[in-house]
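A.B. asks: Residue 370, in full-length UniProt numbering, is where the sequence shown stops; the numbers in between run on with no holes.
By construction, the Cβ of each residue, glycine as well, lies at the ideal position given by its N, Cα and C atoms.
Since the model is a prediction, treat every value here as computed from it, not as a measurement.
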Amino acid sequence: MNAGPRRCDGKDHFEALDGLRGTAALLVVAFHIQGITVLFDAPRLLLPHAYLAVDFFFALSGFVVGYAYDDRWGTMSTAGFLRRRLIRLHPLVVLGAILGLLSYVADPFAGDRQAAPAILVMCAFVMAALALPSTPLPNRLGDSHPLNAPAWTLLQEYIGNLAYALVLRRLGTRALAVAVGVAGLLSAAMALTLGSYDTGWGLTNFWGAPVRLAYPFMTGLLLFRLQDRLPRWRIGFVPLSVALGLAFAAPLLPTVGGVKLNGLYQALCVLVLFPAIIVVGRHSSGGPLVRRLCRTAGALSYPLYMTHYPFVYVYMNWIAIGGATAWSTMWVAAALIVFTVVFAFLAYRLWDLPLRRALQRRDGKRTGDI
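Pasting the structure below:
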């Protein structure tokens with residue numbers, strides 16, 4: 001059984017994996033909106049493990065990059081690959097930076113909490129447009145990318161793509177498996193030491209970002225290389241989405257006998273559960289309605305992920321001014337989730353697609369490959 005309908009380049013389309021990317025993105029949005037309401041106080045989080053969606057995204061990225069590009073290196077240069085990845089990813093990085101700048105300088109609820117020097121704000125904007133970290137800004141919780149916090153993962157995505165182009169694509173399967181094993185040990189050691197994977201997003205814990213990237217990204221690539229030797233299990237998109245949701249909603253675990261069980265649980269999610277979901281999801285399909293839902297969710301996942309957080313900042317400042325009741329907060333939070341999804345659709349149709357097509361046409365004129 002094929003993964004689904006074929007793409008325009010003749011390759012199968014892994015629609016269930018597309019849909020799961022959308023599920024994970026929506027769960028991240030819900031986590032950020034509910035989490036900012038309680039200032040990410042762990043015991044009050046409804047989805048206390050949802051930041052693991054980042055590690056799931058990295059694993060999906062490794063699988064998809066290998067699938068899309070492993071067989072193209074005879075006709076594609078490293079520069080050509082990097083241009084393709086920039087065209088695919090960077091329009092929404094720039095849009096996220098613009099939204100982040102607007103949310104910082106024009107937030108009606110911020111008061112004087114965001115009264116930073118203009119030169120500092122503009123420097124942060126330039127760096128955000130390049131997906132690079134910048135100096136901290138007031139009222140931004142120490143994020144390494146203070147105008148659009150999730151952009152730290154895009155910097156790691158670019159690092160992963162560069163590592164693939166320069167090194168990983170050249171590794172044989174055994175060498176890649178050894179690299180995955182070493183990265184897995186480092187990943188597990190970090191989780192058991194810290195008690196979680198909640199690191200890499202700030203200037204003080206930026207070291208954790210490449211550790212979080214290495215194992216899932218290389219594992220995704222390894223799963224692609226090994227897919228013909230892996231079992232062809234199938235579980236539908238909906239059960240797999242429920243599995244992700246339950247994994248993210250599990251309660252926080254204590255430290256027992258010196259072992260940080262929460263870190264152990266999250267390591268099992270990253271090292272075992274997420275690769276298993278990819279193995280199962282790559283052969284999963286469904287009826288026409290499910291396939292359409294998966295395609296839509298996949299298309300909106302990246303715009304949703306990259307554009308929602310500037311609105312979360314405004315919501316954070318609305319909470320901070322006080323006066324909101326529990327009911328009004330709940331309704332505003334629910335409305336914000338709906339709004340971010342609608343905005344992601346508009347960003348996809350009016351910004352991302354047009355810019356990517358224009359850049360692809362221009363790149364095609366230069367390289368002969370659109």
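May I ask you to report which of helix, strand or coil DSSP gives residue 255?
C.D. replies: strand
A.B. asks: Let me know the secondary structure DSSP gives residue 236 once reduced to three states.
C.D. replies: coil
A.B. asks: Buried or exposed for residue 5, please, with buried defined as at least 16 other CB atoms from any protein chain shown within 10 angstroms of its CB.
C.D. replies: Confidence at residue 5 is low in this model, with a pLDDT of 42, below 50, so the placement of that residue is unreliable and no value is reported for it.
A.B. asks: At which residues does the alpha helix (DSSP H) containing residue 91 begin and terminate?
C.D. replies: 78-105
A.B. asks: Confirm, please, whether the CB-CB distance from residue 234 to residue 15 is below 8 angstroms.
C.D. replies: Their beta carbons are not under 8 angstroms apart, which means residue 15 does not touch residue 234 by this criterion.
A.B. asks: Please go through the same chain and pick out, in chain order, the residues whose beta-carbon is closer than 6 angstroms to the beta-carbon of residue 279, but skip the five residues on each side of it.
C.D. replies: 230
A.B. asks: In whole angstroms, what is the alpha-carbon distance linking residue 245 and residue 252?
C.D. replies: 15 angstroms
A.B. asks: Tell me, to the nearest whole angstrom, how far the beta carbon of residue 302 is from that of residue 150; I am working on the premise that it is less than 8 angstroms.
C.D. replies: Wrong, their Cβ atoms sit about 11 angstroms apart, outside the cutoff.
A.B. asks: Below 8 angstroms between beta carbons: does that hold for residue 119 and residue 315?
C.D. replies: no
A.B. asks: Keeping to the same chain, check which residues put their C-beta closer than 7 angstroms to that of residue 169; ignore five residues upstream and five downstream.
C.D. replies: 70 and 73
A.B. asks: Could you give the residue range of the alpha helix (DSSP H) that holds residue 152?
C.D. replies: That run of the alpha helix (DSSP H) goes 151-166.
A.B. asks: Buried or exposed: which applies to residue 322, given that a residue is buried once 16 or more other Cβ atoms fall within 10 Å of its Cβ?
C.D. replies: exposed
A.B. asks: From the DSSP output, read off the bridge partner residues of residue 371.
C.D. replies: Outside the displayed span of the chain (1 to 370) sits residue 371, for which this structure offers no information.
A.B. asks: If you draw a straight line from the alpha carbon of residue 353 to that of residue 295, how long is it in whole angstroms?
C.D. replies: 15 angstroms
A.B. asks: By how many angstroms is the C-alpha of residue 111 removed from the C-alpha of residue 271?
C.D. replies: 44 angstroms
A.B. asks: Run the CB neighbour count on residue 330, radius 10 Å, all protein chains shown included, and call it buried at 16 or more, exposed below.
C.D. replies: exposed
A.B. asks: Please report the straight-line C-alpha distance between residue 232 and residue 104, rounded to a whole angstrom.
C.D. replies: 48 angstroms
A.B. asks: What does a CB cutoff of less than 6 angstroms around residue 144 pick up in its chain, not counting 5 residues either side in sequence?
C.D. replies: 133, 152, 202, 203 and 206
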